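Q: Below is one structure. I have some questions about it.
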Amino acid sequence: MTTDAQPATTLTPVLSRNWDRPDSFTLAAYREAGGYEALRTALTMEPDRLVDMVKSSGLRGRGGAGFPTGMKWSFLPADNPKPRYLVVNADESEPGTCKDIPLMMADPHVLLEGIVISAYAIRSSQAFIYVRGEVLHVIRRLKHAVAEAYEAGLLGRDILGSGFDLDVVVHAGAGAYICGEETALLDSLEGYRGQPRLKPPFPAVSGLYASPTVVNNVESIASVPSIVANGVEWFTAMGTEKSAGFGFFSLSGHVARPGQYEAPLGVTLRELLDMAGGIRAGHELKFWTPGGSSTPILTHEHLDTPLDFESIGSAGSMLGTRALQIFDDTTCVVHAVGRWIAFYAHESCGKCTPCREGNFWMVQVLDRLERGEGTEDELDKLLDICDNLLGRAFCALGDGAASPVMSSIEHFRQEYIDHVEQGGCPFDHRRSTVWGAES
Amino acid sequence: MSTTTTFSGEVKARLGVDAKEIIGRYPHSRSALLPLLHLVQAEEGYVSAAGIAFCAEQLGLTKAEVTAVATFYTMYKRRPAGDYHVGVCTNTLCAIMGGDEIFESLKEHLEVGNNEATEDGKVSLEHVECNAACDFAPVVMVNWEFFDNQTPESAKELVDDLRLGNDVRPTRGPDNLCTFKQASRLLAGFADDHATEGPQAAGPSLVGLELARERGWAAPDPDDIPPAPVLDEGEGGAK
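Protein chains in written order, with numbering that gives the first Met the number 0: chain A, 0 to 438; chain B, 0 to 238.
Structural data, given as structure tokens:
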């Protein structure tokens, strides 16, 4: 329930505001809506002023980690003679995350304009969009938009007569969640197996081809034109003090109207559920993820926790990518967690022993528990494995795997024990499906 | 399945032209390896020993180095995919919403296992991880085009249509499906003419925007925002 002092949060469509016109992905439609005017403005500014502007806006990475974008840009060393690269992370693969794909399908030009402005700001003349391979039509739309931009002089040599050159390459991945991790992405873009690198050195110092590189998420870069067009104060008028601006909140699962809800950071799940028609009829919220499978699960206790980085952090989870997967009372937590760990085991690159062996092991324990062939001691074994995994690998994939296991045992220990005591899963899996709700 | 370990002269020459274009996009040639693997997959419907040898030759790498990369990524197939490669998401959310049931019923219906193709070579099946369409769950992909909101019945009908050669239209994609090989060629970086087909967005992607329109909700008007006190030359770009 909102307090009297705080009016209910309303939606703030910015990136999605043109999605309801059928030609929204064309250059013509984008320009009609004011597109590429921000680029004109940006090209009249000193690149360093643009970096300051993005810093002042408080824009934080929208790809899950929430690192301040302007600060990341400012880490590029001034004295390094190597070329600078801008790499857009369009490898959206975090389970529950589904915002970048519809954005690139409906409005690839907002990303492109963001790329040109950002590349200009960081003095880069070569940008790559590393897009996961499993989204063919998104790749078509991106390539089409890039072609339109080149033709219109918005990419290539002497953009809009500014003297600034930029080439953009759309590069398709080939199926690997780990390539959404920025350093694994860079290894993959260099033509290797996508394995994370130790940081430091950070990509800003030694990234693509050991050169200074900025890697940013699609939504982060796509937010830049509106900041340039409308100003820092406009951006900070939305969101909270430390989590400024707007973002996509992607609702999926057992809600009446799943989908993309663009809102200021700090909106609550209760408010979003209200907008989305609530949990499906006849059922109650059981658990949810604030930011994808790699963020510890939350329950009805957290309905009023503001969805910003700090508040969700204090609640013991992470805002991540605002991938709100909603599960009701028909859902077996053990099955849900089992599927997630099967995912991490599948996607583990294999480099680090705790992740490679830990996930492989947890899959087997969870499988036994789900089938009722486990024991209560195995819950301690799971927590022990997590303890040896969390913070013990090169990248956050291992940490991500620990999240659902640890948080589900914390909130739903009895459900695991029920499987043990009842010799199997007490849930009818059909009831959680779209068609089985009434059965 | 290819029984030779190198491409014929004709194939090498033809693909060599494509390879040159791909390699030319990148400051360092090895970056072309992933697209080149898609290219050879476009030729044979999978990445064969001949495909690996071709990539190695083009980039001055060993076959072992290329194989290491080819075996890391799930989209590169080691056995020929069907003309239509069907992926059913069985990651948690889709699984819970019905993806498990869809996958089981398709395995039974097609009489294939995971990563196997039907006898007629028309359809191959695998369970896939999250394909970033969770608001459209349960999701099925065919040659990496979206078939949102599937049920066991609609999925069976879909694969039957594919095997019969009936027209099939993705929910958010081009008007018609291309083959697995054609899709691989697009992934190698060669655009086709179908980008402007299909919806800009559909259903769940638009629910937030539609609600905002209905309620008259919008982001703040930049003209209503008081400018910050000027501390230096100002930040430019505002209004």
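Even for Gly, the Cβ is constructed at its ideal location relative to N, Cα and C. All values derive from a computational prediction rather than experimental measurement.
(1) Within 8 Å of any Cβ in chain A, is that where the Cβ of residue 116 (chain B) sits?
(2) What would DSSP say about residue 171 (chain B), mapped onto helix, strand or coil?
(3) At what residues does the alpha helix (DSSP H) containing residue 88 (chain B) begin and finish?
(4) What residues of chain A sit near residue 100 (chain B), judged by a beta carbon separation below 7 Å?
(5) Residues of chain A with CB under 8 Å from residue 68 (chain B), in chain order?
(6) Could you give the first and the last residue of the continuous beta strand (DSSP E) run that contains residue 324 (chain A)?
(7) Counting pairs of beta carbons, one from the stretch 55-66 of chain B and one from the stretch 189-208 of chain B, are three or more of them closer than 8 Å?
(8) From the beta carbon of residue 280 (chain A), is the nearest beta carbon of chain B less than 8 Å away?
(9) What residue from B:88, B:181, B:183, B:49 has the CA that sits closest to residue 125 (chain B)'s CA?
(10) Please classify residue 11 (chain A): does DSSP put it in a helix, a strand, or coil?
(11) Taking only runs that begin and end inside the stretch 3-90 of chain A, name each unbroken beta strand (DSSP E) of 3 or more residues, in chain order.
(12) Does DSSP put residue 344 (chain A) in a helix, in a strand, or in coil?
(13) Compare the Cα-Cα distances from residue 180 (chain B) to each of B:4, B:194, B:76, B:6 and report the closest residue.
(14) Verify the CB distance criterion: does residue 261 (chain A) have a CB-CB separation below 8 Å to chain B?
(15) Give a yes or no on whether the C-beta atoms belonging to residue 290 (chain A) and residue 343 (chain A) are separated by under 8 Å.
(16) What's the gap between the Cα of residue 189 (chain A) and the Cα of residue 270 (chain A)?
(17) Please confirm if residue 61 (chain B) has its CB atom under 8 Å from at least one CB of chain A.
(18) Given this structure, state the Cα-to-Cα distance separating residue 346 (chain A) from residue 172 (chain B), to the nearest angstrom.
(19) DSSP puts residue 439 (chain A) in a beta bridge; with which residues?
(20) Kindly list the residues whose CB is nearer than 7 Å to the CB of residue 129 (chain B), restricted to its own chain and excluding five residues on each side of it in sequence; keep chain order.
(21) Opposite residue 141 (chain B) in the DSSP bridges: which residues?
(22) I'd like to know if residue 19 (chain A) contacts chain B, where contact means its C-beta is closer than 8 Å to some C-beta of that chain.
(23) What number of angstroms, rounded off, separates the C-alpha of residue 108 (chain A) from the C-alpha of residue 81 (chain B)?
(24) Ignoring anything shorter than 3 residues, give me the beta strand (DSSP E) runs that lie fully in the stretch 273-312 of chain A, in order along the chain.
(25) Hey, residue 261 (chain A) and residue 245 (chain A): beta-carbon distance below 8 Å or not?
(26) Closest Cβ-Cβ distance between residue 38 (chain A) and chain B: below 8 Å?
(27) Any idea what DSSP makes of residue 251 (chain A), helix, strand or coil?
(28) Give a yes or no on whether the C-beta atoms belonging to residue 14 (chain A) and residue 221 (chain A) are separated by under 8 Å.
(29) Could you check what DSSP says for residue 213 (chain A) in three-state terms: helix, strand or coil?
(30) So which of A:129, A:376, A:337, A:27 has the shortest CA-CA distance to residue 369 (chain A)?
(31) What would DSSP say about residue 123 (chain B), mapped onto helix, strand or coil?
(32) Which ranges would you report for the beta strand (DSSP E) in the stretch 10-92 of chain B if only whole runs of at least 3 residues count?
(33) Please confirm if the stretch 189-198 of chain B is in contact with the stretch 213-220 of chain B, defined as three or more CB-CB distances below 8 Å between the two stretches.
(34) Only counting the same chain, and skipping five residues up and downstream in sequence, which positions put a Cβ closer than 7 Å to that of residue 234 (chain B)?
(35) So, at 7 Å on beta carbons, what are the nonlocal neighbours of residue 423 (chain A) in its own chain, with the 5 sequence-adjacent residues on each side left out?
(36) Report the three-state DSSP secondary structure of residue 166 (chain B) (helix, strand or coil).
A: If we stick to the structure as given:
(1) no
(2) Strand.
(3) For residue 88 (chain B), no alpha helix (DSSP H) encloses it; the enclosing beta strand (DSSP E) starts and ends at 83-88.
(4) 432
(5) Here the neighbours are 190, 191, 192.
(6) 322-327
(7) no
(8) No, because no Cβ of chain B sits closer than 8 Å to the Cβ of residue 280 (chain A).
(9) B:88
(10) coil
(11) 84-89
(12) In the structure shown, residue 344 (chain A) sits in a helix (DSSP, three-state: H, G or I).
(13) Among B:4, B:194, B:76, B:6, the Cα nearest to that of residue 180 (chain B) is on B:76.
(14) Yes, residue 261 (chain A) lies at the interface with chain B (some Cβ there is under 8 Å from its Cβ).
(15) no
(16) 44 Å
(17) Interface annotation, residue 61 (chain B): not in contact with chain A, CB-CB separation never under 8 Å.
(18) The C-alpha of residue 346 (chain A) lies about 27 Å from the C-alpha of residue 172 (chain B).
(19) For chain A, the structure presents residues 0 to 438; residue 439 (chain A) sits outside this window and is missing.
(20) 88, 90
(21) B:85, B:144
(22) At a cut-off of 8 Å between C-beta atoms, residue 19 (chain A) counts as an interface residue with respect to chain B.
(23) 34 Å
(24) Here the runs fully enclosed are 284-288.
(25) yes
(26) So no, residue 38 (chain A) is outside the interface.
(27) strand
(28) yes
(29) Residue state, collapsed to three classes: strand.
(30) A:337
(31) In the structure shown, the three-state DSSP call for residue 123 (chain B) is strand.
(32) 83-88
(33) no
(34) Only weak support exists for where residue 234 (chain B) lies, its pLDDT of 47 falling under 50; the value from the coordinates is given anyway. Result list for residue 234 (chain B): empty, nothing under 7 Å.
(35) Excluding residues within five positions, the ones whose Cβ falls inside 7 Å are 370, 371.
(36) coil
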